[in-house]
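Structure record follows, encoded as structure tokens.
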Amino acid sequence: MSWQTYVDDHLMCDIEGQAGHRLSAAAILGHDGAVWAQSSTFPQFTPAEINGILTDFNEPGHLAPTGLFLGGAKYMVIQGEPGAVIRGKKVKDIILHVSSVADLGGVEGGRSTPLSVRGSGGVTIKKTGQSLVFGLYEEPVTPGQCNMIVERLADYLLDQGM
Numbered sequence: 744m745s746w747q748t749y750v751d752d753h754l755m756c757d758i759e760g761q762a763g764h765r766l767s768a769a770a771i772l773g774h775d776g777a778v779w780a781q782s783s784t785f786p787q788f789t790p791a792e793i794n795g796i797l798t799d800f801n802e803p804g805h806l807a808p809t810g811l812f813l814g815g816a817k818y819m820v821i822q823g824e825p826g827a828v829i830r831g832k833k834v835k836d837i838i839l840h841v842s843s844v845a846d847l848g849g850v851e852g853g854r855s856t857p858l859s860v861r862g863s864g865g866v867t868i869k870k871t872g873q874s875l876v877f878g879l880y881e882e883p884v885t886p887g888q889c890n891m892i893v894e895r896l897a898d899y900l901l902d903q904g905m
């Protein structure tokens, strides 16, 4: 079976019982950052983004202070399995404009303040012996559904010595 078939048939498949609901993007990369296969929607990433992810697998918690970046999108790292699975929730930065004294809690003058809020999607990445399996999702797909799809394929690859 080709690597592209794994992505197309096992990662980008319909979620059981929910026809039309699937991951928004998926890929399988080698530990060197080389793309083995990807969906057409997988974001263009930088080597630094992949290096950050690999570092977090080797040094769990590395990404927690700064977040995980993939294709320029920021994800807040949430509960995972140190050294095995990284999970992230999409973060959207919005600019909050405060101009009235009441908005500032009584402080004079207006200003713009960046505020990070959780977005509606996320990412699951599982490391195997030779690869990284990525799944990205948007609502209505849930984090648990994404985890199940990504981890099921990665566990299979691990069982095959990959």
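What the sequence shown shows, in this note's numbering, is residues 744 to 905, in sequence order.
Positions of the beta carbon are idealized from the N, C-alpha and C atoms, including for glycine.
From a predicted model like this one, the values you see are computed outputs, not experimental measurements.
| Asked | Found |
| --- | --- |
| Output the residue ranges of the alpha helix (DSSP H) runs that lie fully inside the region 790-829 and measure 4 residues or longer, sorted by chain position. | 790-801 |
| Please classify K833: is it buried, with 16 or more other beta-carbons within 10 angstroms of its beta-carbon, or exposed? | buried |
| Can you say whether T867 is buried or exposed, counting buried as having 16 or more other CB atoms within 10 angstroms of its CB? | buried |
| Here's a check: name, in chain order, each residue in its chain whose Cβ is nearer than 8 Å to the Cβ of S863, leaving out the five neighbours to either side. | K833, E881, E882 |
| Under a Cβ-count criterion, where at least 16 other Cβ atoms within 10 Å of its own Cβ denotes burial, should V820 be classed as buried or exposed? | buried |
| Please look up how many angstroms separate the CB atoms of G823 and F812, rounded, as I've assumed it's under 8 Å. | That belief does not hold up - the Cβ atoms of G823 and F812 are roughly 16 Å apart, past 8 Å. |
| For P803, which residues in the same chain have their Cβ closer than 7 Å to its Cβ, ignoring the five residues on either side in sequence? | P825, G826 |
| Closest to N890 by CA distance: which of A807, L754, Q747, T784 is it? | L754 |
| Buried or exposed: which applies to D898, given that a residue is buried once 16 or more other Cβ atoms fall within 10 Å of its Cβ? | exposed |
| By DSSP, does H764 sit in helix, in strand, or in coil? | coil |
| Just how far apart, CA to CA, sit F785 and A762? | 21 Å |
| Would you mind working out which of Q787, G831, D751, W746 sits nearest P808, comparing C-alpha positions? | G831 |
| Per DSSP, G919 is paired with what? | Look at the range of the chain in this structure, 744 to 905, and you will see that residue 919 is not part of it. |
| Check this for me: beta carbons of L879 and S783, under 8 Å apart or not? | no |
| State buried or exposed for V884, treating a residue as buried only when at least 16 other CB atoms are found within 10 Å of its CB. | buried |
| Put E894 into one of helix, strand or coil per three-state DSSP. | helix |
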